[in-house]
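Below: the structure, in structure tokens.
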Amino acid sequence: MQKIIAKQALTPNGWEQDVEIGVQGGRIVHLQAAPAGAKPTVGLALPAPLNLHSHAFQRAMSGLTEARGPDPRDSFWTWRRLMYKFLDQLTPDQIEAIAAQVFLEMLEAGYAGVAEFHYLHHDAGGVPYANLAELSERIIAAASQAGIGLTLLPVLYQFGGLDKRPLAGGQRRFGNDPEQFTRLHEGARQAIAAGAQDFRIGVAPHSLRAVDKFGLDRSVDLGGSGPIHMHLAEQVAEVDEVLAHVNARPTEWLLANYNVDPNWCLIHCTQMTEQETQALAHTGAVAGLCPITESNLGDGIFNGTHYLGLNGKVGFGSDSNVHISLFDELKTLEYSQRLRDKSRAALATPDRSTGRVLFDAAVVGGAQAGGRDSGVLAVGKTADILGLDLDNEWGANRTGDMALDTLIFGGNGQHCISDVWSAGRHMVKQGRHIAREQITKTFIATMAELEQDI
Ligand code: ZN
23 MQKIIAKQAL TPNGWEQDVE IGVQGGRIVH LQAAPAGAKP TVGLALPAPL NLHSHAFQRA
83 MSGLTEARGP DPRDSFWTWR RLMYKFLDQL TPDQIEAIAA QVFLEMLEAG YAGVAEFHYL
143 HHDAGGVPYA NLAELSERII AAASQAGIGL TLLPVLYQFG GLDKRPLAGG QRRFGNDPEQ
203 FTRLHEGARQ AIAAGAQDFR IGVAPHSLRA VDKFGLDRSV DLGGSGPIHM HLAEQVAEVD
263 EVLAHVNARP TEWLLANYNV DPNWCLIHCT QMTEQETQAL AHTGAVAGLC PITESNLGDG
323 IFNGTHYLGL NGKVGFGSDS NVHISLFDEL KTLEYSQRLR DKSRAALATP DRSTGRVLFD
383 AAVVGGAQAG GRDSGVLAVG KTADILGLDL DNEWGANRTG DMALDTLIFG GNGQHCISDV
443 WSAGRHMVKQ GRHIAREQIT KTFIATMAEL EQDI
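Here it is in structure tokens:
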């Protein structure tokens, strides 16, 4: 059994001093007062959240898409152009290498798990691999290498828009009809079952733009009692397109046509009316927020004050993986509310500081969205644990909620992450992933191969 001694731990009873956490078989088996005089292994112990939205391969594009194209009105030009260039050439080995690196970085950022919204399925030109689930298996292999808890979400992507135009160019690597997708999902399910005990499978109909009603129904069936994720209401143009085709806004249409319940996680939700915000909050579904990517892409601002005020569930995802930082995701959401409302401490409540509200939301919403039995330090739960060292110039020996506020708003929270356990796997020690040397070396070599061609 592993024993973690924490000077302070965030338990269901709040902050407790001098706690011993016993971990065995991937779960927390005891939580008790540490023996007198025991040397602490971590300063603070907290539940480690799950990153609820990622497209791993996009990590390779970070920093390469910030220039403006020839038409200044087309602000997506560099992003789209580069994505399709990558899509023309990425091989299974390269995809696995990039995913292993990004999963390593997530662990070093304090995430114990990831829900991978996996839509890159086929070879260039849309030709299926001999094994239909080849790339799902590569994502699973990458998660196994990095030791992160994986919830794999194979994505159904049928069309290039609501007019059902066929997928073109690089997009053809994403495409399946519902029949082929059913077989692909079954292959992925078997591969997940053969992986680590805490690995899970869900399903992800890509968006209302990319699937039809039949495809969405099939996805919901395949999801069973597991997580169902979908992009929803990210950009104004998307809302307008849905409105023009079905005479309802995306959130409005989805809630009218499906029994959206806590198994659902709707990604982005940056374009919702007050009524939609209220209706979605009442379903118990998770709104999957990706504030860094949403800022990077200029998507808009999620109405966090209203949604959390209604006890709506949220979680956080790194989406495009342009920058992986749990603490910066939380800060970016809060700052978006302050800038919009010209306010301070926008999401704080009378009894919890801003940092505490954000952190609690991230762990509870992340676990729910990933179908992962974690999100709280309690006996019987999956041992997803974040260890922090605040005995330094960044943490300034802070404790309790003030420690969380310092980590999130002080801007150097990442420096204080000393340890991360994912289902008991102690993957980050002294701030570094234990397999960093090998995984990063392979990633750098992969990037060198790719950049020869862009
Ligand atoms: Zn996304």
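Position one of the sequence shown corresponds to residue 23 (the numbering used here), numbered consecutively onward.
Backbone N, C-alpha and C fix where the C-beta goes; we use that ideal spot for every residue, glycine too.
Local conformation of Thr173 per DSSP, three classes: As a working mapping, residue 173 is identified with position 151 in the sequence shown. Strand at Thr173.
May I ask you to check if the CB of Asp341 is nearer than 7 Å to at least one heavy atom of the ligand ZN? Sequence index remark: in the sequence shown, residue 341 carries index 319 (1-based). For the ligand ZN, at least one heavy atom lies less than 7 Å from the Cβ of Asp341.
Thinking C-beta only, is Ala155 closer than 8 Å to Glu118? Taking the first residue of the sequence shown as 1, we reach residue 118 at position 96. Taking the first residue of the sequence shown as 1, we reach residue 155 at position 133. Note that the C-beta distance between Glu118 and Ala155 is not below 8 Å.
Just list the residues that DSSP pairs Leu66 with in beta bridges. The residue labelled residue 66 in the question sits at position 44 within the sequence shown. Residue pairing of Leu66 in beta bridges, as defined by DSSP: Gln30 and Leu410.
According to DSSP, is Gln219 part of a helix, a strand, or is it coil? Stepping through the sequence shown from its first residue, residue 219 is reached at position 197. In this structure, Gln219 counts as coil in the three-state DSSP scheme.
So what does Leu184 bridge to, in DSSP terms? Residue mapping note: residue 184 aligns to position 162 of the sequence shown, counting from 1. Leu184 pairs with nothing; no bridge assigned.
Secondary structure, beta strand (DSSP E): runs of 3+ residues fully inside the region 246-315: Counting only runs of 3+ residues, the beta strand (DSSP E) found wholly inside the region 246-315 occupies 250-254, 286-290 and 308-311, in chain order.
By the three-class DSSP mapping on this structure, what secondary structure does Val385 have? As a working mapping, residue 385 is identified with position 363 in the sequence shown. Annotated three-state conformation of Val385 is helix, per DSSP.
Would you mind reading off the limits of the alpha helix (DSSP H) that contains His328? Within the sequence shown, residue 328 is the residue found at index 306, counting from 1. It spans Gly326 to Gly331 - the alpha helix (DSSP H) in which His328 sits, taken as one unbroken run.
When you compare the region 382-389 with the region 39-59, are there three or more beta-carbon pairs, one atom per stretch, that lie closer than 8 Å? In short, these stretches do not touch, since the Cβ pair count stays below three.
Can you give the Cα-Cα distance for Phe203 and Ala226, rounded to whole angstroms? Residue 203 sits at position 181 when you count from the first residue of the sequence shown. Residue 226 sits at position 204 when you count from the first residue of the sequence shown. In a straight line, the C-alpha of Phe203 is about 11 Å away from that of Ala226.
With DSSP as the reference, label Ser84 as helix, strand or coil. Counting from one through the sequence shown, the residue named residue 84 turns up at place 62. Per DSSP, reduced to three states, the secondary structure at Ser84 is coil, with no helix or strand assignment.
Using the Cα positions of Pro94 and Ser84, report the straight-line distance between them to the nearest angstrom. Here residue 94 refers to the residue found at position 72 of the sequence shown. Here residue 84 refers to the residue found at position 62 of the sequence shown. About 21 Å.
State the Cα-Cα distance for the pair Arg378 and Ala232, rounded to the nearest angstrom. Taking the sequence shown and counting its residues from 1, one reaches residue 378 at position 356. Taking the sequence shown and counting its residues from 1, one reaches residue 232 at position 210. Each residue's Cα considered, the two are about 37 Å apart.
Leaving aside the five residues before and after Ser358 along the sequence, list all residues of the same chain whose C-beta is less than 6 Å from its C-beta, in chain order. Taking the sequence shown and counting its residues from 1, the one referred to as residue 358 is at position 336. Cβ neighbours of Ser358 beyond the five flanking positions: Ile323.
Apply the 10 Å Cβ neighbour rule to Asn281 and answer buried if 16 or more other Cβ atoms are within range, or exposed otherwise. Counting from one through the sequence shown, the residue named residue 281 turns up at place 259. Answer is exposed; the Cβ neighbour count stays below 16.
Euclidean distance between Cα positions of Glu351 and Pro114: Here residue 351 corresponds to residue number 329 of the sequence shown, with the count starting at 1. Here residue 114 corresponds to residue number 92 of the sequence shown, with the count starting at 1. Glu351 and Pro114: Cα-Cα distance of roughly 30 Å.
Say the cut is 7 Å; is the CB of Ile289 nearer than that to a heavy atom of the ligand HEM? In the structure on display, the ligand HEM does not appear, and the ligands it does have are the ligand ZN.
Checking 8 Å against the spacing of the C-beta atoms, do Ser340 and Gln436 come in under that value? The residue given as residue 340 occupies position 318 in the sequence shown. The residue given as residue 436 occupies position 414 in the sequence shown. If you check the CB distance, Ser340 and Gln436 do not come in under 8 Å.
Under 8 Å between the Cβ atoms of Asp321 and Thr295? Translated into the one-based positions of the sequence shown, residue 321 becomes position 299. Translated into the one-based positions of the sequence shown, residue 295 becomes position 273. Going by C-beta atoms, Asp321 is not nearer than 8 Å to Thr295.
What are the start and end residues of the beta strand (DSSP E) that includes Val136? Numbered from its first residue, the sequence shown carries residue 136 at position 114. Its beta strand (DSSP E) spans residues Gly135 to His140.
Roughly how many angstroms separate the alpha carbons of Gln300 and Lys451, rounded to a whole number? Residue mapping note: residue 300 aligns to position 278 of the sequence shown, counting from 1. Residue mapping note: residue 451 aligns to position 429 of the sequence shown, counting from 1. Roughly 42 Å separates the two Cα atoms.
When DSSP builds the beta bridges, which residues end up paired with Asp441? If you number the sequence shown from 1, residue 441 lands on position 419. Per the DSSP secondary-structure output, Asp441 pairs in a beta bridge with Gly409.
Assigned secondary structure, Met449 (DSSP; H/G/I helix, E/B strand, else coil): Walking along the sequence shown from the start, residue 449 turns up at place 427. Strand.
Distance, Met128 Cα to Arg454 Cα: Position 432 of the sequence shown holds residue 454. Position 106 of the sequence shown holds residue 128. If you take the alpha carbons of Arg454 and Met128, they lie about 11 Å apart.
Count the C-beta pairs between the region 133-142 and the region 172-181 that are closer than 8 Å, then say yes if the count reaches three, no if not. Because the criterion of three Cβ pairs below 8 Å is met, the region 133-142 and the region 172-181 touch.
Looking at Arg417: is its Cβ nearer than 8 Å to the Cβ of Ala425? Mapped onto the sequence shown, residue 417 falls at position 395. Mapped onto the sequence shown, residue 425 falls at position 403. Per the sequence presented here, residue 417 reads as Gly, with Arg not at that position. With respect to Ala425, Gly417 sits close: the two C-beta atoms are nearer than 8 Å.
With a 10 Å radius around its C-beta and 16 neighbouring C-beta atoms as the bar for buried, classify Ile11 as buried or exposed. A query on residue 11 cannot be resolved here, the shown segment of the chain reaching from 23 to 476 and no further.
Following the continuous beta strand (DSSP E) through Ile466, name the residue where it begins and the one where it ends. Taking the sequence shown and counting its residues from 1, one reaches residue 466 at position 444. Not the beta strand (DSSP E): Ile466 falls in the alpha helix (DSSP H), residues Arg458 to Glu473.
Selected residue, minimal CA-CA separation from Ala309, among Phe338, Ala58 and Thr327: Within the sequence shown, the letter at position 287 stands for residue 309. Relative to Ala309, the option among Phe338, Ala58 and Thr327 whose CA is nearest is Phe338.
Using CA atoms only, rank isn't needed, just tell me which of Asp441, Met105, Tyr151 and Gln257 is closest to Arg81. Translated into the one-based positions of the sequence shown, residue 81 becomes position 59. Considering only alpha carbons, the answer is Met105.
Asn318 (DSSP reduced to helix, strand or coil): Translated into the one-based positions of the sequence shown, residue 318 becomes position 296. DSSP places Asn318 in helix when its eight states are reduced to three.
Bridge partners of Asn73, per DSSP? Here residue 73 corresponds to residue number 51 of the sequence shown, with the count starting at 1. Its beta-bridge partners are Val136.
Given that a residue counts as buried once 16 or more other Cβ atoms are within 10 Å of its Cβ, and exposed if not, what is Asn325? As a position in the sequence shown, residue 325 is number 303, starting the count at 1. That one is buried.
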